[in-house]
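J.:
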Amino acid sequence: MRPAGPMALLMLLAALFLAGCGNVPGVPDHTYFRMSKPQQLPRSEKPVFVDPIVVGLFEANGLYADRALIYALDPAAEELRQFHYQLWTDPPTRLLQRRLQIELREANMAPLVIQALAASQGAVRISGEILRFERVPTPEGGHIASVVLRLRADRPDGTPLTNEIYHADVPAADKRLISATEAMFAAVDQIFVEFHADLIKSQELEHAR
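Residue numbering for the sequence shown follows the working numbering, beginning at 1 and increasing consecutively.
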């Protein structure tokens, strides 16, 4: 009897491998979470700024730059992990940029609120950095969404108009992950309300000079 050739052995190994794969439990499907509907900020009767507003892409380091949702293991949020199969539809840096642009545009903060404009064009330029954006357990057994952002607005000449760190915690309605994501954007909106007020106050001080 002739020994099996290399091709026959290869086919046998492939068949055994496929048979073994049939016994492996199925891998969980990925779940994607969208950005919830943006909150309506107080709308000004006329644009607060004469120049366009450019909302740049937010910055983030480490875990916060990924699409995976983040959760803390302890109430102090000293230990963090990423969910393996629960992801944002886009990176948080993009989601928050888009959300802030929409909210400032709807609030009539400027004749034009966009995400990009040539550097040679005069504009109020807003930048943001995600410092915290996670679900955190509470001692009572529930969860909160904890968000910390650094938001800065520069005048058309490049000098800072405002530069602050904002923090908001919002309780999740229940233990479902969708409730945590809704709480995260509610926390973001609380921060944007504060930032919106700071922008208006800074502009009023500019006119008072």
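A virtual CB, placed ideally from N, CA and C, is assigned to each residue, including glycine.
To which residues does DSSP link ARG125 through a beta bridge?
T.: VAL54 and ASP154
J.: DSSP on ASP29, reduced to helix/strand/coil?
T.: coil
J.: Within a Cβ cutoff of 7 angstroms, which residues of the same chain sit near LEU95, ignoring the five residues on either side of it in sequence?
T.: Excluding residues within five positions, the ones whose Cβ falls inside 7 angstroms are MET35 and TRP88.
J.: Tell whether a beta-carbon distance below 7 angstroms holds between LEU199 and GLU103.
T.: It is not a contact, given that the beta carbons lie outside the stated cut-off.
J.: Give me whichever residues DSSP pairs with HIS143 in a beta bridge.
T.: PRO137
J.: What separation, rounded to the nearest whole angstrom, lies between the Cα atoms of TYR85 and VAL54?
T.: Going from the Cα of TYR85 to the Cα of VAL54 covers about 33 angstroms.
J.: Pull the bridge partners of ILE178 from the DSSP assignment, please.
T.: In the DSSP output, where bridge partners are listed per residue, ILE178 has none listed.
J.: Which residue from THR159, ILE178, ASP154 and ALA145 puts its Cα closest to that of ASP243?
T.: This structure gives no information on residue 243, because the portion of the chain shown stretches from 1 to 209.
J.: State the Cα-Cα distance for the pair PRO47 and THR93, rounded to the nearest angstrom.
T.: Their backbone Cα atoms lie some 26 angstroms apart in a straight line.
J.: Taking the C-alpha atoms as reference points, what is the distance between ASP51 and ARG125?
T.: Looking at the two C-alpha atoms, the distance is approximately 10 angstroms.
J.: Does the distance from the C-beta atom of ALA60 to that of ILE165 stay below 7 angstroms?
T.: no
J.: Return the CA-CA distance between ALA107 and ALA172, expressed in angstroms with no decimal places.
T.: 27 angstroms
J.: Which whole runs of the alpha helix (DSSP H) in the region 77-117 are 4 residues long or more, in chain order?
T.: 92-106
J.: What three-state label does DSSP hand GLU164 in the structure shown?
T.: strand
J.: Output the distance between the C-alpha atoms of GLN154 and LEU161, rounded to the nearest integer angstrom.
T.: The question names Gln, but residue 154 in the sequence shown is Asp. Going by the C-alpha atoms only, they are around 5 angstroms apart.
J.: Go to LEU41, then tell me how far its beta strand (DSSP E) extends in each direction, as first and last residue.
T.: Where LEU41 is concerned, there is no enclosing beta strand (DSSP E), given that its DSSP letter is neither H nor E.
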